[in-house]
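Remarks on the structure that follows.
Shown next, in the form of structure tokens:
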């Protein structure tokens, strides 16, 4: 897939991520996308966490991403 869109679920080097920005967005160079890998260090507020952490978003070459398997939806 060559045209990633915000919200796409992707994989990079075995890690799952979500596309947070695309080329042309502030801070995203041409031929790159911005991805968010999640924040495994966060703790739910309901379990005593503080919340309010600043997300860490990485820009990577678009060609280094692959589509994920179809997600397993839960409710």
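Residue numbers (our numbering): 2 to 76. Even for Gly, the Cβ is constructed at its ideal location relative to N, Cα and C.
- Cβ-Cβ distances below 6 Å link residue 59 to 36 in the same chain, with the five nearest sequence neighbours on each side left out; the list follows chain order.
- The closest CA to that of residue 20, considering only 41, 68, 76 and 75, is found on 68.
- In the three-state reduction of the DSSP assignment, residue 63 falls in the helix class.
- Contact annotation: residue 74 and residue 34 have beta-carbon atoms that are not nearer than 7 Å.
- Counted as a single uninterrupted DSSP element, the beta strand (DSSP E) harbouring residue 37 occupies residues 33–37.
- For residue 55, the closest alpha carbon among the candidates 24, 15, 14 and 39 is that of 39.
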